[in-house]
Each structure stands twice: as structure tokens, then as C-alpha cells.
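Quick notes on the structure that follows.
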Amino acid sequence: MGVVDKTKKLVLTIEDQPAIAELLGFLLDATELEVKRSDNGAEGLEMIQKLKPDLVIMDVMMPTMDGWQVFDTVRQNEATQNIPIIMLSVARQDPERRVAFRGSHLDFYMTKPFDVVSLRRLVQEVLGLEIWIKSTPTSPTPMEAAQPTQTPSPEPSSPPIPPTTPPTSPVPDAPTSSPPTTTPAPAPEPTLPSEPTVAAVPPAAVSPTSTPSTETVVPTTPADAAASPPKPTEPPASPAPTTPPEPSASSQVKE
Numbered sequence: 051m052g053v054v055d056k057t058k059k060l061v062l063t064i065e066d067q068p069a070i071a072e073l074l075g076f077l078l079d080a081t082e083l084e085v086k087r088s089d090n091g092a093e094g095l096e097m098i099q100k101l102k103p104d105l106v107i108m109d110v111m112m113p114t115m116d117g118w119q120v121f122d123t124v125r126q127n128e129a130t131q132n133i134p135i136i137m138l139s140v141a142r143q144d145p146e147r148r149v150a151f152r153g154s155h156l157d158f159y160m161t162k163p164f165d166v167v168s169l170r171r172l173v174q175e176v177l178g179l180e181i182w183i184k185s186t187p188t189s190p191t192p193m194e195a196a197q198p199t200q201t202p203s204p205e206p207s208s209p210p211i212p213p214t215t216p217p218t219s220p221v222p223d224a225p226t227s228s229p230p231t232t233t234p235a236p237a238p239e240p241t242l243p244s245e246p247t248v249a250a251v252p253p254a255a256v257s258p259t260s261t262p263s264t265e266t267v268v269p270t271t272p273a274d275a276a277a278s279p280p281k282p283t284e285p286p287a288s289p290a291p292t293t294p295p296e297p298s299a300s301s302q303v304k305e
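The sequence shown begins at 51 in this note's numbering and counts up by one.
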């Protein structure tokens, strides 16, 4: 069984399937832990009683002695009854046992295939250590190769469904410039009636025998008389000189 390093936490795995046993050794590889391994229940029980490990991870279905027989024997022994045990089993097995494990600080149950992150977290909580920084492995584990993979049947491809709503056309942007402003034309100013004009009457022709006549003035209204000053009257034209008539021939003979 070898010598146990007292500076590390001792973990004992009891698993009859080599692939799962290798996976447990891979997941528990840490400087703070020392891992021992057994492949059947009878040998595992003997190692528990002799080594007093800090944690036991054990499968349920094993030859010679199954996991529940080992579990009950460990819990009935005062020297080993306080050793924490993690039982590994399929989900459909032992529903009564799983219910009894709820709320216990020593008995734990995980279903196969178990989650790597959950198992590591549980080991850290039970041992009170902070071992693994990364929550998930960066490379494929042996457990993934050991588990049978089921290829999902291809689903029938369906033609793409056209969109139900028609595409909307882009709305043109509103013009940013303001419309030109029109200045109303000024209203025409009212025109005042023009003042009546006075037509000057030309002086009458003066014959040698007619008497001089004065300029005829058209009478105006009082408003027109006040608006325009009176025009001066021109003096009468002087009469043209008269020439004496020439003597006739009859008068010249008489002389």
C-alpha cells in the first residue's frame, strides 16, 4: 500500500472501471493531495481501515463487495465512521439513499457521468482546501473518451422563412434650409386730385377803329384765389398810325 505523506491530504478512490479510475486520478492530481487507488470493495475496505484516508470516493456497483456494503461497514466502525465518503452511481439507482444523504456533512452522492467542475468543487469543500484555480480542464479528459457518445439524428432542413413584414424604405431627410421669405409690396399711396388750372385768354385783336379791350379773366373759386396770387394785367396796345389816302386821278385833272 506504500507510505503515506502526512503533509498532504490522502484521498482513496475505489472504482472497478479502469477508465473512470484513471479519470479520478487525473482530476485529483495536485500537490496538496496524495491519491491511493483500489479496484474492488473488499480491498478498498481494508485500505480504509488501515490508512484512515481524509476522503473516500467510491463506486456503488463493484464485484466482491459493492459500495453500499463498504459504506455501512465504515459507518459502523468508530475508528472510521467520521471519514467523508462520496458515492458515485447512476441517476436511476438508490433513490432512498440519495434522500438520506441530503443535509449530511460526511455523506455525499454524485451521479454518473459526473461533472468535473462539481466533483472538484466538492472535494475542495470537504477537505477545506483551495486547490484548482481553473474551474474546467483545458484538455479532453479520459472520462470523455470512456463515455459512449450518441450521434444526434440530423433534423430535416426547412427552407428559410421569408420575412413577413415588407422592408421599409428610408425616409428622406427634411430640408434644413428655410423657405425664402417674400416681402409684400407696399400699398400704393392715394393720389390727391390736382388743382384746376386757369387758362389764359389771349388778348383780342385790336383794329384801328376798335377801342382797346382789357384781358378777360376767368372767374375762379375762393380756394383757387387764395392758393395762387393774382396775375398783373397787361396795358392796352397803342393804336397803329394811320396813313392818308392817295389822291385820285380825277382830282388831279381838276387842278
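Glycine is no exception: its CB is placed at the ideal position from the N, C-alpha and C atoms. Keep in mind it's a predicted model, so treat the numbers as computed, not measured.
message: Just to confirm my understanding: we take G313, look at its own chain, exclude 5 residues before and 5 after, and list those with CB closer than 7 Å. What are they?
response: The structure shown does not extend to residue 313, since the chain is modelled only from 51 through 305, so no value can be given for it.
query: In or out: K100 buried (at least 16 other Cβ within 10 Å) or exposed?
result: exposed
message: Restricting to Cα atoms, I'd like to know which of K59, Q67 and E96 is closest to K162.
response: Q67
- prompt: Mapping DSSP to helix, strand and coil, what is R171?
  reply: helix
message: Rounding to the nearest angstrom, what Cα-Cα distance links K102 and L156 in this structure?
response: 14 Å
field: According to DSSP, residues forming a beta bridge with K59
entry: L83
query: Are L77 and R171 close, meaning C-beta to C-beta below 8 Å?
result: no
task: Can you give me the start and stop residues for the alpha helix (DSSP H) that K162 sits inside?
output: Here K162 belongs to no alpha helix (DSSP H); instead the beta strand (DSSP E) covers D157 to K162.
From G75, I98 and V110, residue whose alpha carbon lies closest to that of P134: I98
field: When V106, R87, A71 and E96 are compared against L177, the one with the closest alpha-carbon
entry: V106
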